[in-house]
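Participant: Dropping the structure in here first, questions after.
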Amino acid sequence: LLTEADAGHSEFTDEVYQNESRYPGGEWKQSDETYTDVNGDKSRSPGEFECPYGWIWEDDAWSYDINRAVDEKGWEYGITIPPDSKPKSWVAAEKMYHTHRRRRLVRKRKKDPNVTAGRKATLSQEEQEGWEYAALIGWKFHLKQRSSDTFRRRRWRRKMAPSESLGASAIFKLEGALGADVSSEEEEKKEKESATAIFGANTPIVSCIFDRVFTYHLRCYLYQARSLTAMDKDSFSDPYAHVSFLHRSKTTEIMHSTLNPTWDQTLIFNEVEIYGDPQAVAHNPPNVVIEIFDNDQVGKDEFIGRSLCPPLVKLTPIDVTPKLLWYPVMKAGKHCGDILVAAELILKD
Numbered sequence: 001l002l003t004e005a006d007a008g009h010s011e012f013t014d015e016v017y018q019n020e021s022r023y024p025g026g027e028w029k030q031s032d033e034t035y036t037d038v039n040g041d042k043s044r045s046p047g048e049f050e051c052p053y054g055w056i057w058e059d060d061a062w063s064y065d066i067n068r069a070v071d072e073k074g075w076e077y078g079i080t081i082p083p084d085s086k087p088k089s090w091v092a093a094e095k096m097y098h099t100h101r102r103r104r105l106v107r108k109r110k111k112d113p114n115v116t117a118g119r120k121a122t123l124s125q126e127e128q129e130g131w132e133y134a135a136l137i138g139w140k141f142h143l144k145q146r147s148s149d150t151f152r153r154r155r156w157r158r159k160m161a162p163s164e165s166l167g168a169s170a171i172f173k174l175e176g177a178l179g180a181d182v183s184s185e186e187e188e189k190k191e192k193e194s195a196t197a198i199f200g201a202n203t204p205i206v207s208c209i210f211d212r213v214f215t216y217h218l219r220c221y222l223y224q225a226r227s228l229t230a231m232d233k234d235s236f237s238d239p240y241a242h243v244s245f246l247h248r249s250k251t252t253e254i255m256h257s258t259l260n261p262t263w264d265q266t267l268i269f270n271e272v273e274i275y276g277d278p279q280a281v282a283h284n285p286p287n288v289v290i291e292i293f294d295n296d297q298v299g300k301d302e303f304i305g306r307s308l309c310p311p312l313v314k315l316t317p318i319d320v321t322p323k324l325l326w327y328p329v330m331k332a333g334k335h336c337g338d339i340l341v342a343a344e345l346i347l348k349d
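Numbering-wise, full-length UniProt numbering puts 195 at position 195 of the sequence shown, and it's gapless, one number per residue.
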């Protein structure tokens, strides 16, 4: 699974850290690895960052971030303690014994409204080759090559189609991909054999290919919830709702000390891409998943329950307003409250 950091965002901030080092009491000089990411791993310099297709720069140039615990020029300071090769903590005030400092350079970009979602970019030669990269074997892969990458891979695939009709179509036993049961039902001990042993080869990949992608606009209206399960010692909760639709998600505000929160919020998902026939989407739309959590200032937020809401699909402009309806909030098959919500999915092109 390739998950780029800006996936699903309409605005994004690129960042890179500028590093300098010195001997205690000496002058600051560029480090061996001048530019790194937040974890200290080698990264590209600001001049090597290119604005991806479909995005435009919102800032004219890179600037250092001072909205953090840093000094007036954006620097934060640290000291390296062997056997570590980089500081584990950073402070805003410079001391004589500090040997490392860094500052965060940022540049904002946003989606280009003039670029349609269905339009494809002109791929570079490297992108056409289909490589994906990783810093080390076993690490997560990404599409854009970085200077710290030492490993790359690409997938080869070949489509096959019959040259002419030669009778009935082939039927693949897809369950063989996980190992098929070839013994009789009467046998007490059933043996499993791999797909390769049964068919002489791995079960072929079945692909679903669509001609184009359609862009939708989702509006989710969350009004209130009632009778939620209390998660705090004072018999109340601090609930908020996390709304997911396909690969996109948004979160409501936090309501404090209540089991009947009233959010009265509209969450808007712009540029939602869905493959397939719009009529099929209208007949069986993806559900809007609403997960309610109890916010805790200390520790992990507690899960209260989950609810599913089918959106009203509009393929043509019609004057129909979705109605707010109560949907049950469930957790492990147990009823944990109700939520008043409505959603509409509008076809944009």
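Glycine is no exception: its CB is placed at the ideal position from the N, C-alpha and C atoms.
Spatial neighbours of residue 350 within its chain, please: CB distance less than 6 Å, with the 5 preceding and 5 following residues excluded, ordered by chain position.
Facilitator: Here the chain comprises residues numbered 1 to 349, so residue 350 is not present and cannot be evaluated.
Participant: Which of the three DSSP states is assigned to Q279 in this structure?
Facilitator: Helix at Q279.
Participant: Just checking, does the segment 258-273 make contact with the segment 315-335 on the three C-beta pairs under 8 Å criterion?
Facilitator: For the pair of segments examined, the segment 258-273 was found not to touch the segment 315-335: the number of CB pairs separated by less than 8 Å stays below three.
Participant: Sorted by chain position, which residues of the same chain lie with C-beta nearer than 6 Å to I66's C-beta, five sequence neighbours on each side aside?
Facilitator: G74
Participant: For R154, which option in Q145, A135, E129 has the closest C-alpha, if you only look at C-alpha atoms?
Facilitator: E129
Participant: Which same chain residues end up closer than 8 Å to E11 when comparing Cβ atoms and leaving out the 5 residues on each side of it in sequence?
Facilitator: These residues qualify, in order along the chain: E58, K108, R109, K110, K111.
Participant: So the candidates are I346, V320, E33, T251; which of them puts its Cα closest to the Cα of Q279?
Facilitator: I346
Participant: Hey, quick one: how far does the beta strand (DSSP E) through R102 stretch, first residue to last?
Facilitator: 100-111
Participant: In chain order, what are the residue ranges of uninterrupted beta strand (DSSP E) at least 3 long that sit wholly in the segment 266-339?
Facilitator: 288-294, 302-309, 312-314, 325-331, all fully within the segment 266-339.
Participant: Give me the Cα-Cα distance between Y209 and R157, rounded to the nearest whole angstrom.
Facilitator: Strictly speaking, residue 209 in this sequence is Ile, with Tyr absent from that position. Roughly 14 Å between the two C-alpha positions.
Participant: Alpha carbons only, please: which of S237, S63, Y216, I318 is nearest the one belonging to V272?
Facilitator: Y216
Participant: Answer yes or no: does any C-beta atom of chain D fall closer than 8 Å to that of N114?
Facilitator: Here chain D cannot be found, since the structure has a single protein chain.
Participant: Ordered along the chain, which non-local residues of its own chain (more than five positions away) have a Cβ less than 7 Å from that of E344?
Facilitator: R219, P311, L312, K314, P322
Participant: Three-state secondary structure (DSSP) at P46?
Facilitator: helix
Participant: Expressed to the nearest angstrom, what Euclidean distance is found between the alpha-carbon atoms of F245 and P286?
Facilitator: 7 Å
Participant: Going by DSSP in three states, L1 sits in which element: helix, strand or coil?
Facilitator: Here L1 scores only 44 on pLDDT, less than 50, and its place in the model should not be relied on; the value that follows carries that caveat. Coil at L1, not helix or strand.
Participant: Is A177 helix, strand or coil by DSSP?
Facilitator: With a pLDDT of only 48 at A177, under 50, the local geometry of the prediction cannot be trusted, and the value read off the model is given with reservation. Three-state DSSP puts A177 in a helix.
Participant: Let me make sure I understand the geometry here. Which of D319, Q297, H9, L259 has the alpha-carbon closest to that of G305?
Facilitator: Closest by alpha carbon: L259.
Participant: On the three-state DSSP scale, how would you describe K233?
Facilitator: coil
Participant: Less than 8 Å between the beta carbons of G337 and S227, yes or no?
Facilitator: yes
Participant: When we look at the beta-carbon of C309 and count the other beta-carbons within 10 Å, is it buried (16 or more) or exposed?
Facilitator: buried
Participant: Suppose contacts are defined by Cβ-Cβ distances below 8 Å. Is residue 359 in contact with Y221 by that definition?
Facilitator: The requested residue 359 does not occur in the structure, where the chain is confined to residues 1 to 349.
Participant: Return the chain-ordered list of same chain residues with a C-beta closer than 8 Å to the C-beta of R44, the five sequence neighbours on each side being excluded.
Facilitator: Its chain contains V16, Y35, R146, S147 as the residues whose beta carbon lies nearer than 8 Å to that of R44, once the 5 sequence neighbours on both sides are disregarded; these appear in chain order.
Participant: Would you list the one or two residues that DSSP bridges to D14?
Facilitator: R107
Participant: Who pairs with N39 in a beta bridge, going by DSSP?
Facilitator: N39 is not bridged to any residue.
Participant: May I ask you to list the residues that DSSP assigns as paired with S63?
Facilitator: DSSP lists V106 as the bridge partner or partners of S63.
Participant: Would you kindly report the start and end of the unbroken beta strand (DSSP E) that includes T258?
Facilitator: For T258, no beta strand (DSSP E) run applies, since DSSP gives it neither H nor E.
Participant: Report yes if the C-beta distance between A241 and T252 is below 8 Å; otherwise report no.
Facilitator: In this structure, T252 lies closer than 8 Å to A241 by Cβ.
Participant: Taking the beta strand (DSSP E) that T251 belongs to, which residues open and close that run?
Facilitator: 248-251
Participant: Note down the Cα distance separating S257 from M231, rounded to an integer number of angstroms.
Facilitator: 10 Å
Participant: Could you compute how far the alpha carbon of K189 sits from the alpha carbon of L136?
Facilitator: Low local confidence applies: a pLDDT of 47 at K189 is under 50, so the model's placement there is unreliable, and no value is given.
Participant: Pull up the distance between the alpha-carbon of R104 and that of Q18, whole angstroms please.
Facilitator: 6 Å
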